[in-house]
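Protein chains in written order, with the numbering used here: chain U, 321 to 626; chain F, 54 to 621; chain C, 15 to 188. Virtual Cβ for every residue (Gly too), placed ideally from N, Cα, C. This report refers to the structure that appears directly beneath it.
Now the structure itself:
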C-alpha cells in the first residue's frame, strides 16, 4: 500500500512539474512581453517549442556524443527526482528515502549536468560558459545549504518533511535567522533559476547560450525542459521552505495553494528579469559573496536559537 | 582665412616641396606636394599643427595623367577647414612613404590603398592584407582602371586561408564572429583570452564588400549613385546620400537651394534620432536589459513612420540628387512632424531620467571600454566616442554643411571616456536633434528644392564633404569624371576609424565587456566594408566557415586547461 | 540597485500599453506617397526608356524587336524601390504602389513585361528629353538588352542587327 502511494505520488509530482514547467515559461514570456509593450507569444508556445525540438533530427556533434546523450537524460531526470522529494501540497512521495544532504547533492548534480554538457560539447564558448557556471555554483550552493541547515537546526532533524515545512521560522526565540535567510534567498533567487541579471553562464549576447551552444534537436529539448523545470523546482523549494502558510489545509486546497504560491514566485522572477541588466561574473560573485556572509550570520543566530 | 594661413605655414616650412595648392573657398584646401616630402608634411600637420587625421585615398589616375595619386586628408576642426595633401606617383613605380608611424590612424587606409589600388606604403608597420578576400590573388588590384568591374581574376584560389598572427603566450584563442548574436553583420575578432580577460585581438573584417565604389566609377551615373550610396549603411544611409551629393556639388561648385538644404538637415537629424534610439536599445540588449531595448524601439517607431510619410520609405529615404532633394515637405507633414517631436521629447525625457540614475546599467558600463583623449588623437576616433572622451568635435558645427549654419545647437560632451559616457552623450544628443529640426521647420521658406542644372559637370575636379553621421564623421571624396560619372569616389565611414580603436579599448578587459565595448562605438561593418571586390561568386563565406571550424577544433584542445584556472 | 529608477522604468513600460500588432493578421496601413513596388502602365507608356536609362539597379531592360515593336521588361529582382523611374517618367506611366510584401518562390513573379507599339519620330527615331543633364545617357537609336539572360547592356545601336549582344562590359556610346 505504502509503495503504491509512493509511486502514485511520485508520478503525480513528476507529471505536475513536467506539465507546469512549460506553462510557467509561457507565463514568464507573456508577462515579459506585456512589460515590454509587445504582443508576446501564445501562452502554450513553450509546449510547441519542445515538441518541435523533439521532432527534429538528433545530430551527433561535439567531442563525446555518448556523454552528451547521457547528460541530456540525466539533467531532466535529476530535476524530476528532486520534484519527488518536495512536498507539493501533500507529503513528499520519497519522504523516507532521503534527507537534506541528499537534496543538496541532487541540486548540485543539476549544475554538474550543465558542466558535463558543456565539457562534452567542448567548444570554446561552452568552456567559458561552464567556467562561469562553476563559479556561480560554488557560491550559490553553500547558500542553499545554509538555508536548509537553518531549517534543520530549528527542526532538530535532517528529515526533509520536517525541514521543508517552514521550519526556518520555527526558532525558539524570535526567528531572526529565518527572516535574514529569507531576504538572502530572495535576493539570490534569480541566480538559482538562471535568469537576468544572473544568467551569466548562458549569456546569449556574450557567449551564445554557453554550455548549450552545441546542442540541437531532442537533446536541446531535454536541456530546455530541464531548465524550465528548474524554475519550477526552485520556486517549489522556496515555497516549501519559506512560505509554508496554507499547507496544512488538506489535499486539494493545499495543492492549489502550493501551486498558486509557486506561480507568484515565477511572476516575481519575471518582473525582476525584465527590469534588470545582466551582471558581469565578477560583479555577481561579489554580490553573492555579500549574501553568503549574511547567510553565515543567520546560521550563527540560528544556532543560538533565534 | 584658415586655408591661406595654413598654406603659408606649409610654404614657409617646406618651400619648394609644395608644388601648388587649390583653395576652392568652401572650407577645403588641396595641397599638392612632392612625393618625397609627404611624410614630413603629414607629420607637421598631425603633430605640430594638431590636425585630425581623416582618411588616405589612393587613386589610379593613369588614364588621365599617366600617374597614380595619393591623398591624405586632415581636418582642422576649430578652424573649419578640411585639408587634402596630394601627391602623384609614377605609373611604373607606385610607392610612397608610409605615414602610419607618424599618424597611427592611417594604418588601415594605407593597407586598403595597397590592396585595392596597388600603391605600396614603404615602411608600413603592419602591411597585412586588409580588404581583399583571402582567395584574391596578390597582384590584382580591383580599383585600378584596367580591371573591369565584373571580372573574376586569374589565380583566384578559394581554398587559400587567412594567416593569423600567433597568439601571445598563455592565451586561449576565442573566435568572436563572423556570426555572433551581438554582431548584426559579419566581422571576425580573434580574441586572445587569458582566463576571462582579453589580452589582445586580431581583426579580420571586410566580409561584406559590395563593390559600390567600383560600380560607381564604372557603371553608374552621377544621379544613380545617391541611391546606391544610401545602401552603404542600413542605419545612416541618408548621411552617405547627402555626403556624396555634397562632395559632387563641392567639386562642381554648385550650391543647393536653401529649402533643399533645410530638408537635408531635417532628414539627417531624423536619422540621427532613430539611430541614437536604436543604439541605446541595442546597448541595453547587449547587457541583457531587453525591456529597455523594446521601449527604445517603441519610442523610435513614430520617427520611422513620419520619415516614411515624408520620403516614401521608413529608412531608405532616397533623398538627394545632385543639386537638391527629390521630395518637398508639405505643410500638413511639417505640423505632424512637430507633433511627433513633442511626443518623442516627452517620452525620451522620462526614459532618460530613469536610465541616467540606474546603477544597474552603470555597473556594466562605467570604466568599461576606455578610449581617452590620447587614443582619440592617435587613432582618429570620432563622433560620440570622441565626444565622450571630452573632445569637443562635431562636423555639423566644425565643417558646417546643409542648413547647420542657420540653426543653434550645443555639442554634447562628457568626460568619462567610457561606455557610460557614450550612453549619456547619445541620450542627450537626441534633445539637440529635436531642437535642430524644430528650428528648421520654423525658419524654412518656400522655394525650389532642386537646382536647374545647365551643362555637364566638368571632369577632373575634386570635392570632399564631411557629414556628421550618428556614429561620427562620414567623409566622402569625389573626383569628377567623364561619361556622367565620377572617376574616383572614396567613402570613409565613421566606423572605419572607430573600429581601429577597439583593440585598445578591449585590451585587459573582461570578455563580458568585450561585446558592450564593441557595441559602444555603434559599429557598422557594412559602412566600413562598403567596398570594392564585387565578387559574390568567390565563395568567401565558405572559406570562412571552414576556417572557423578549424579554429574551434584547434582551440578546443588547448582551451580546457586554462578554463579551469580562472581568477575570481 | 536604484529602486526608483527601476520603478520609473517599469512605469514607462506599463504606461505605453501594448503597441505591437499581430502582424500578418493585422497590418498597419501604408501612407500616401509610399515607395512600394513600381507598377508600369502600358497604356500610358510611350517607350522612351528614360526609366531604363536611370534605373540605378539596372533592372529595366529594353529590347527593340523591330522598328515598330519595343519590349520593356522590368525584372524587379534587385529593385530597391528608389522610385527614380517614376521620377523621370514624362507620362507618369510608372506609379510606386503600396505593395511591399513581395516575397515569392518564383522570382519571375516580380517582373512586368510591356510590349509597345512605337511610331517612329521622323527626326531622331526615338525621342525623349530627360529632365536634367545628369540624367542624360546620350543613348540614341535602338537598345538591345539581353532579354534571355536578363542582363542590361550598356549601349545602343543605330541599326537593328541580327547578332545578339551578350557582352555587357562593352561601352559604345553613339
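Cα separation between residue i and residue j?
i: residue 407 (chain U); j: residue 474 (chain U); result: 19 Å
i: residue 593 (chain F); j: residue 237 (chain F); result: Its pLDDT being 36, under 50, residue 593 (chain F) is placed unreliably by the model, and the measurement read from it follows with that caveat. Going from the Cα of residue 593 (chain F) to the Cα of residue 237 (chain F) covers about 18 Å.
i: residue 387 (chain F); j: residue 312 (chain F); result: 13 Å
i: residue 46 (chain F); j: residue 537 (chain F); result: Nothing about residue 46 (chain F) can be read from this structure; chain F reaches only from 54 to 621.
i: residue 614 (chain U); j: residue 563 (chain F); result: 28 Å
i: residue 482 (chain U); j: residue 551 (chain U); result: 23 Å
i: residue 517 (chain U); j: residue 467 (chain U); result: 22 Å
i: residue 27 (chain C); j: residue 350 (chain U); result: 14 Å
i: residue 367 (chain F); j: residue 316 (chain F); result: 16 Å
i: residue 270 (chain F); j: residue 422 (chain F); result: 38 Å
i: residue 121 (chain F); j: residue 299 (chain F); result: 25 Å
i: residue 158 (chain F); j: residue 431 (chain F); result: 6 Å
i: residue 502 (chain U); j: residue 235 (chain F); result: 37 Å
i: residue 488 (chain F); j: residue 465 (chain F); result: 13 Å
i: residue 20 (chain C); j: residue 539 (chain U); result: 37 Å
i: residue 582 (chain U); j: residue 500 (chain U); result: 21 Å
i: residue 584 (chain F); j: residue 265 (chain F); result: Any reading at residue 584 (chain F) is ruled out, since the residue's pLDDT is 46, under 50, leaving its predicted position unreliable.
i: residue 435 (chain U); j: residue 529 (chain U); result: 13 Å
i: residue 104 (chain F); j: residue 134 (chain F); result: 10 Å
i: residue 68 (chain F); j: residue 139 (chain F); result: 16 Å
i: residue 419 (chain F); j: residue 503 (chain F); result: 47 Å
i: residue 29 (chain C); j: residue 352 (chain U); result: 15 Å
i: residue 347 (chain F); j: residue 330 (chain U); result: 42 Å
i: residue 326 (chain U); j: residue 507 (chain U); result: 35 Å
Mind checking which residues open and close the beta strand (DSSP E) that includes residue i?
i: residue 87 (chain C); result: 83-88
i: residue 366 (chain F); result: Note, residue 366 (chain F): premise wrong, no beta strand (DSSP E); not H, not E.
i: residue 85 (chain F); result: 81-86
i: residue 72 (chain F); result: 71-75
i: residue 226 (chain F); result: 225-229
i: residue 384 (chain F); result: Where residue 384 (chain F) is concerned, there is no enclosing beta strand (DSSP E), although the alpha helix (DSSP H) it sits in stretches over 384-408.
i: residue 126 (chain C); result: 126-131
Looking at the secondary structure, which residues open and close the alpha helix (DSSP H) in which residue i lies?
i: residue 562 (chain U); result: 537-562
i: residue 318 (chain F); result: 311-339
i: residue 430 (chain U); result: 420-441
i: residue 474 (chain U); result: 444-475
i: residue 233 (chain F); result: Where residue 233 (chain F) is concerned, there is no enclosing alpha helix (DSSP H), given that its DSSP letter is neither H nor E.
i: residue 75 (chain C); result: Residue 75 (chain C) -> not in any alpha helix (DSSP H); beta strand (DSSP E) instead, spanning 74-78.
i: residue 569 (chain F); result: 564-573
i: residue 611 (chain U); result: 601-623
i: residue 417 (chain F); result: 412-418
I believe residue i touches residue j by the beta-carbon criterion, under 8 Å. Please report the beta-carbon distance rounded to the nearest angstrom.
i: residue 480 (chain U); j: residue 405 (chain U); result: 6 Å
i: residue 573 (chain F); j: residue 475 (chain F); result: 5 Å
i: residue 209 (chain F); j: residue 188 (chain F); result: 5 Å
i: residue 239 (chain F); j: residue 232 (chain F); result: 6 Å
i: residue 471 (chain U); j: residue 557 (chain U); result: That belief does not hold up - the Cβ atoms of residue 471 (chain U) and residue 557 (chain U) are roughly 11 Å apart, past 8 Å.
i: residue 534 (chain U); j: residue 395 (chain U); result: Incorrect: roughly 15 Å between the Cβ atoms, too far for contact.
i: residue 479 (chain F); j: residue 333 (chain F); result: 6 Å
i: residue 483 (chain F); j: residue 401 (chain F); result: 6 Å
i: residue 132 (chain F); j: residue 55 (chain F); result: 4 Å
Run through the stretch 479-546 of chain F for me and flag every whole beta strand (DSSP E) of 3 or more residues, listed as ranges in chain order. 515-522, 525-532, 541-545
At what residue ranges does the stretch 322-407 of chain U contain a whole run of the alpha helix (DSSP H), taking only runs of 4 or more? 322-355, 365-374, 385-405
Entirely within the stretch 110-135 of chain F and at least 3 residues each: give me those beta strand (DSSP E) ranges in chain order. 120-129
Could you check whether the stretch 107-116 of chain F touches the stretch 72-82 of chain F, counting it as contact only if at least three pairs of C-beta atoms, one from each stretch, sit closer than 8 Å? Contact fails: fewer than three Cβ-Cβ distances are below 8 Å.
Within the stretch 132-173 of chain F, note down every full beta strand (DSSP E) run reaching 3 residues or more, in order along the chain. Secondary structure remark: continuous beta strand (DSSP E) runs of at least 3 residues inside the stretch 132-173 of chain F, in chain order: 134-143, 148-150.
Tell me, please, whether the stretch 57-70 of chain C touches the stretch 93-113 of chain C by the rule of three or more beta-carbon pairs shorter than 8 Å. With a cut-off of 8 Å on Cβ pairs, the stretch 57-70 of chain C is in contact with the stretch 93-113 of chain C, counting three or more such pairs.
I want to know whether the stretch 284-295 of chain F touches the stretch 244-261 of chain F - three or more CB-CB distances under 8 Å. The answer is no - the stretch 244-261 of chain F does not touch the stretch 284-295 of chain F, with fewer than three Cβ pairs under 8 Å.
With a threshold of 8 Å, are at least 3 pairs of Cβ atoms found where one atom belongs to the stretch 532-548 of chain F and the other to the stretch 333-346 of chain F? no
Could you check whether the stretch 392-407 of chain F touches the stretch 444-462 of chain F, counting it as contact only if at least three pairs of C-beta atoms, one from each stretch, sit closer than 8 Å? no
Touch test, the stretch 505-519 of chain F against the stretch 291-309 of chain F, Cβ-Cβ under 8 Å, three pairs minimum: Output reads yes: the stretch 291-309 of chain F touches the stretch 505-519 of chain F.
Evaluate contact between the stretch 113-123 of chain C and the stretch 73-85 of chain C, counting only Cβ atoms and requiring at least three cross-stretch pairs below 8 Å. no
For the stretch 603-623 of chain U against the stretch 93-100 of chain F, are there 3 or more C-beta pairs whose distance is under 8 Å? no
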